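If you're matching them up, the sequences are chains Y and B in order.
Quick note: to get the numbering used here, add 10 to the position in the first sequence (first position is 1).
Quick note: to get the numbering used here, add 12 to the position in the second sequence (first position is 1).
Glycine included, each C-beta is placed from N, C-alpha and C at the ideal position.
Just so it is clear, the structure is predicted and the values come from calculations on it, not from any experiment.
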Amino acid sequence: MSNTLRQGAVNLSADVLILGGGPAGTWAALSAAARGAKVILADKGYCGSSGATAPSGTGVWYVQPDARLREEAKASRYEMGGQLAEHRWMNRVLERTYDNMNRLGVSGYPFPLDEYGNQYRRSLQGPEYMKLMRKLVKKAGVKILDHSPALELLADEHGVAGAAGVRLQTGEAWRVLAGAVVIATGGCAFLSRALGCNVLTGDGYLLAAEAGASLSGMEFSNAYAICPTFSSVTKTAYYSYASFYYEDGSVVEGAGSKRGRSVIARNLLAGRQVYAKLDQAPEDIRPLLRVGQTNFFLPFDRRGIDPFTEAFPVTLRLEGTVRGTGGIRITDEQCGTGVPGLYAAGDAATRELICGGFTGGGSHNAAWAMSSGSFAGEGAAAYAASLGGRSALRTPSGLSVSPLAEGEVSRGAAVRAAEYTEAVQAEVKPYDINLFRTGATLTSSLARLDDLWKEQRGQEITVTPEGVKAREAQAMTATARWMYNSALARTETRGMHKREDYKATDSGQHHRLITGGLDEVWTSREEVAKEEVLS
Amino acid sequence: MIEVISAARCVECNQCVSVCPTNVFDRVEGDIPVIARQNDCQTCFMCELYCPADALYVAPDSEAVSGVTEAELEQSGLIGGYREKVGWGKGRQPVASHEYMIKLAARAGF
């Protein structure tokens with residue numbers, strides 16, 4: 011640990027506490043502050059660089075308020091998502107995304123200008139976007155706690171009333187009492203080193219479940235991105251220009267960036283390395299691609315490889331629920347969770363409401379983050395205001411299933427957390443368990459995951475950086491169990507969820523799957539609004 | 013992973029310590045920061061972007077250390093290259109405002 015480490019305590023209070031400082035968290039902070047709430051935002055890393063959005067460029071589901079354009083936009087992924095999205099939510103998100111992107115344009119985001127001098131607001135560069143969001147959040151008077159992961163929520167008999175954690179760079183414990191809490195901690199990519207995703211370990215799911223919230227769509231959690239074997243940069247869209255080859259230069263038939271990802275996975279499973287070359291990209295588009303995603307080319311430039319003319323080895327890197335669609339279940343239009351005082355936004359929440367069981371990342375996720383963040387911030391501010399002065403008198407206690415303790419790290423704690431993490435990764439990374447699912451493999455994996463949960467759940471966790479890693483391992487274990495219980499319950503193939511033993515979509519399972527529970531995991535069905543078929 | 017902090021270039025502003033999402037660096041009183049937890053590096057390149065002195069180098073491999081040296085990087089000119097491409101730093105235009113963004117969307121749809 012740092013030689014500046016010192017023990018102490020930071021005790022604060024606010025109307026609204028936001029956990030997570032990516033797009034969803036920062037939009038939640040802005041909308042709560044705009045409604046007069048005193049807001050604190052705690053990020054596990056640094057608000058501005060943390061999370062999946064910050065390092066990358068992303069398209070945004072930004073559609074002009076034109077009836078025909080919006081119908082087309084809604085229809086575009088409705089079928090791929092297994093018809094689990096809902097009109098009402100898609101409409102709200104399209105509307106709010108449009109407003110928020112326009113707001114970015116007048117707040118200083120350097121959108122490119124089209125030939126008429128109008129801002130072109132269809133995509134965002136992560137570093138620029140999140141640097142601006144941090145600036146806007148600070149300007150709105152929000153207090154930011156960087157490097158301050160939450161270890162548990164606080165609650166009393168009336169509901170959630172704050173959170174507590176540790177400040178990684180000072181070693182101080184922190185505790186914030188708040189009228190309402192927004193969880194915007196992102197999804198779970200299981201420390202796979204997918205770009206920007208190692209802060210995304212499902213922490214918010216565990217916090218929410220400990221408070222009694224449930225999750226939805228956790229079977230849609232097997233996103234894998236095409237990625238050079240020597241790199242963290244997961245930008246599958248660019249591989250629409252790729253051809254795939256074996257080592258001897260022969261073509262991998264059927265391999266591709268969209269439906270052909272399974273072919274790549276089956277080859278890798280069989281021990282045959284697959285190579286990619288972006289040789290389908292026309293000459294004149296190559297400079298455009300270089301500008302569109304500068305970091306896509308960084309690993310190649312640094313290795314001296316020209317990806318347009320030279321083949322390079324690829325793998326499929328797990329992105330879990332980050333580019334899946336499952337997450338905390340949303341129970342009302344303010345992104346409430348059904349637990350008084352607790353809200354969820356961004357990748358931490360289910361995205362089924364706008365894209366069902368499939369998302370290609372980017373576009374819809376970016377729109378969902380900025381919209382659900384705004385909804386949740388407004389909801390949390392209104393809820394906190396409704397408590398009036400009473401919230402200051404509350405004496406909530408911590409909800410962690412494992413007892414938290416101040417003080418010294420026990421010997422071997424870090425090693426144990428690393429072992430648990432590896433054990434969970436061994437269940438969720440393999441393509442033959444998570445990508446190609448069967449009842450038998452899911453069942454045997456769950457038996458191991460249940461044991462892993464039992465082993466961890468009673469262990470004391472210290473309020474230290476090592477304790478954070480132990481809680482991450484717990485959160486990932488819990489996440490994997492919700493994923494596989496849901497995957498087992500959905501005996502069909504729908505959206506990104508693929509069952510090798512049930513390859514067809516079953517119209518009898520046109521519902522959402524809800525899951526939850528800690529020691530005993532349960533699943534149940536939830537009806538989906540029956541939409542007119544979009545085509 | 014992050015591999016090099018150039019003592020020759022570093023201005024001891026400790027921006028990297030602040031912005032690293034996975035808290036890889038430690039500040040050192042009166043000296044340049046150190047890479048204290050290299051294995052926690054997620055290879056997101058954000059520290060390079062925020063470094064005002066182009067003193068950091070993140071090797072692309074996210075799983076293993078390449079062992080590249082500062083002398084090699086100075087020779088190849090690779091250090092500081094990412095920040096330049098993103099258009100951060102004095103007198104540069106952010107790539108976010110590049111007209112190619114519009115052209116690419118028209119051609120590729122993303």
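So if DSSP puts B/R21 in a beta bridge, which residue, or which two residues, is it bridged to? Here residue 21 of chain B corresponds to residue number 9 of the second sequence, with the count starting at 1. According to DSSP, which records beta bridges pairwise, B/R21 is partnered with nothing at all.
So which of Y/H157, Y/I154 and Y/V192 has the shortest CA-CA distance to Y/L164? Counting from 1 along the first sequence, the entry for residue 164 of chain Y is found at position 154. Nearest C-alpha to Y/L164: Y/V192.
For chain D, check one thing: does any of its Cβ atoms lie closer than 8 Å to the Cβ of Y/Q179? Given the protein chain composition of this structure (Y and B), no chain D is represented.
Measure the beta-carbon distance from Y/L51 to Y/V152 and round it to whole angstroms, keeping in mind my assumption that it falls under 8 Å. Reading the first sequence from its first residue, position 41 is the one you call residue 51 of chain Y. Reading the first sequence from its first residue, position 142 is the one you call residue 152 of chain Y. Rounded, the Cβ-Cβ distance is 6 Å, consistent with contact.
Y/G399 and Y/G32: beta carbons closer than 8 Å? For this step, residue 399 of chain Y is matched to residue 389 along the first sequence. For this step, residue 32 of chain Y is matched to residue 22 along the first sequence. Going by C-beta atoms, Y/G399 is not nearer than 8 Å to Y/G32.
Taking the Cβ atom as the reference point for each residue, do Y/A286 and Y/F322 lie within a distance shorter than 8 Å? Looking up residue 286 of chain Y in the first sequence gives position 276. Looking up residue 322 of chain Y in the first sequence gives position 312. Cβ distance < 8 Å, so Y/A286 and Y/F322 count as in contact.
Over the uninterrupted beta strand (DSSP E) stretch that includes Y/A221, give me the two end residues. For the purposes of this step, residue 221 of chain Y is taken as the residue at position 211 of the first sequence. Taken as a continuous stretch (DSSP letters only), Y/A221 belongs to no beta strand (DSSP E), as it is neither H nor E.
Local Cβ density within 10 Å of B/G103, reported as buried at 16 or more and exposed below that: On the second sequence, residue 103 of chain B is found 91 positions in, with the first residue counted as 1. Sixteen is the threshold: since fewer than 16 other Cβ atoms of the shown chains lie within 10 Å of the Cβ of B/G103, the residue is exposed.
On a Cα-Cα basis, can you pick out the residue from Y/T431, Y/G366, Y/M493 and Y/G505 that is closest to Y/G527? Taking the first residue of the first sequence as position 1, residue 527 of chain Y is located at position 517. The shortest Cα separation from Y/G527 among Y/T431, Y/G366, Y/M493 and Y/G505 belongs to Y/M493.
Counting only the same chain and skipping the five closest in sequence on each side, list residues whose C-beta sits under 8 Å from that of B/E111. As a working mapping, residue 111 of chain B is identified with position 99 in the second sequence. Within the same chain, B/E111 has no close Cβ partners at all.
At a CB-CB cut-off below 9 Å, which residues of chain B make contact with Y/S455? Here residue 455 of chain Y refers to the residue found at position 445 of the first sequence. Neighbours of Y/S455 on chain B: none; closest Cβ ~24 Å, over 9 Å.
By the DSSP assignment, the alpha helix (DSSP H) with Y/A450 in it spans what residues? Within the first sequence, the letter at position 440 stands for residue 450 of chain Y. From DSSP, the alpha helix (DSSP H) with Y/A450 extends over G449 to R467.
Give every residue of the same chain whose Cβ lies closer than 6 Å to the Cβ of Y/L216, excluding the five residues on either side of it in the sequence, and list them in chain order. For the purposes of this step, residue 216 of chain Y is identified with residue 206 of the first sequence, where counting begins at 1. Taken in chain order, the residues that qualify are A485 and A488.
Alpha-carbon to alpha-carbon, Y/Q129 and Y/R535: Sequence index remark: in the first sequence, residue 535 of chain Y carries index 525 (1-based). Sequence index remark: in the first sequence, residue 129 of chain Y carries index 119 (1-based). Distance from the CA atom of Y/R535 to the CA atom of Y/Q129, rounded to whole angstroms, is 44 Å.
Return the first residue and the last residue of the beta strand (DSSP E) that Y/I28 is part of. Residue 28 of chain Y sits at position 18 when you count from the first residue of the first sequence. Taken as a continuous stretch (DSSP letters only), the beta strand (DSSP E) holding Y/I28 covers A19 to L29.
Limits of the beta strand (DSSP E) - the one that Y/D357 falls within: Position 347 of the first sequence, counted from the start, is the residue given in the question as residue 357 of chain Y. For Y/D357, there is no enclosing beta strand (DSSP E), as DSSP marks it with neither H nor E.
So which of Y/Y56, Y/P238 and Y/Q179 has the shortest CA-CA distance to Y/P309? Residue mapping note: residue 309 of chain Y aligns to position 299 of the first sequence, counting from 1. Relative to the Cα of Y/P309, the nearest Cα in the group Y/Y56, Y/P238 and Y/Q179 belongs to Y/P238.
Give me, in chain order, the residues of the same chain whose beta-carbon lies closer than 7 Å to that of Y/V70; leave out the 5 immediate sequence neighbours on both sides. As a first step, residue 70 of chain Y must be located in the first sequence, where it is residue number 60. For Y/V70, where only same-chain residues beyond five positions count, the Cβ hits under 7 Å are T107, M111, R132, S133, L134, S373, A376 and A377.
When you compare the CB positions of Y/G334 and Y/N232, do they come within less than 8 Å of one another, or not? Stepping through the first sequence from its first residue, residue 334 of chain Y is reached at position 324. Stepping through the first sequence from its first residue, residue 232 of chain Y is reached at position 222. Inclusion of Y/G334 and Y/N232 in the CB contact set at 8 Å is warranted, their separation being smaller than that value.
Could you tell me the distance, in whole angstroms, from the CA atom of Y/R426 to the CA atom of Y/K145? Working through the first sequence from its first residue, we reach residue 426 of chain Y at position 416. Working through the first sequence from its first residue, we reach residue 145 of chain Y at position 135. Using only the alpha carbons, I get a separation of about 39 Å.
What is the DSSP secondary structure of Y/P323, reduced to helix, strand or coil? Position 313 of the first sequence, counting from 1, holds the residue named residue 323 of chain Y. Under the three-state reduction of DSSP output, Y/P323 falls in the strand class.
Determine the contact status of Y/E182 and Y/A24, defining contact as a CB-CB distance below 8 Å. Start at 1 with the first residue of the first sequence, and residue 182 of chain Y comes out as number 172. Start at 1 with the first residue of the first sequence, and residue 24 of chain Y comes out as number 14. For the pair Y/E182 and Y/A24, the CB atoms are not nearer than the 8 Å cut-off.
Taking any Cβ of chain B, which residues in the stretch 115-136 of chain Y have a Cβ under 8 Å from it, in chain order? So the list reads Y119, P120, F121, P122, L123, D124, Y130, R132, S133, L134 and Q135, given in the order they occur along the chain.
Beta carbon of Y/C207, beta carbon of Y/V332: below 8 Å? Taking the first residue of the first sequence as position 1, residue 207 of chain Y is located at position 197. Taking the first residue of the first sequence as position 1, residue 332 of chain Y is located at position 322. For Y/C207 and Y/V332, yes; Cβs fall inside 8 Å.
Determine whether the Cβ of Y/R313 lies closer than 8 Å to any Cβ atom of chain B. The residue given as residue 313 of chain Y occupies position 303 in the first sequence. Taking Cβ atoms only, chain B reaches closer than 8 Å to Y/R313, which makes this a yes.
Which of helix, strand or coil does DSSP assign to Y/F306? Looking up residue 306 of chain Y in the first sequence gives position 296. Helix, per DSSP.
Within the same chain, show all residues whose beta-carbon is closer than 7 Å to that of Y/V273, passing over the 5 residues directly before and after it, in chain order. Here residue 273 of chain Y is taken as the residue at index 263 of the first sequence, counted from 1. Cβ neighbours of Y/V273 beyond the five flanking positions: V262, G264 and A265.
DSSP state of Y/E536, grouped into three classes? Taking the first residue of the first sequence as position 1, residue 536 of chain Y is located at position 526. Strand at Y/E536.
Nearest candidate by alpha-carbon position, reference Y/R481, set Y/N444, Y/V170 and Y/Q466: Residue 481 of chain Y sits at position 471 when you count from the first residue of the first sequence. Measuring C-alpha to C-alpha distances from Y/R481 to each of Y/N444, Y/V170 and Y/Q466 identifies Y/Q466 as the nearest.
Could you work out which residues of chain B lie near Y/P65, taking near to mean beta carbons separated by less than 7 Å? Within the first sequence, residue 65 of chain Y is the residue found at index 55, counting from 1. For Y/P65, the C-beta contacts it makes with chain B under 7 Å involve C56, F57 and M58, in order along the chain.
DSSP beta-bridge partners for Y/Y255? Indexing the first sequence from 1 puts residue 255 of chain Y at position 245. As computed with DSSP, Y/Y255 is found in a beta bridge with Y/V261 and Y/Y285.
Looking at chain B, is there any beta carbon in it that lies within less than 8 Å of the beta carbon of Y/S242? Counting from 1 along the first sequence, the entry for residue 242 of chain Y is found at position 232. For Y/S242, a Cβ of chain B is located within less than 8 Å of the residue's own Cβ.
Need the endpoints of the alpha helix (DSSP H) that Y/S494 sits in, please. Start at 1 with the first residue of the first sequence, and residue 494 of chain Y comes out as number 484. Looking at the sequence itself, residue 494 of chain Y is Tyr, so the reference to Ser does not match. Taken as a continuous stretch (DSSP letters only), the alpha helix (DSSP H) holding Y/Y494 covers P475 to A499.
DSSP three-state label for Y/T68, please. The residue labelled residue 68 of chain Y in the question sits at position 58 within the first sequence. Strand, per DSSP.
Per DSSP, Y/A233 forms a beta bridge with which residues? Start at 1 with the first residue of the first sequence, and residue 233 of chain Y comes out as number 223. DSSP lists Y/G330 as partners of Y/A233.
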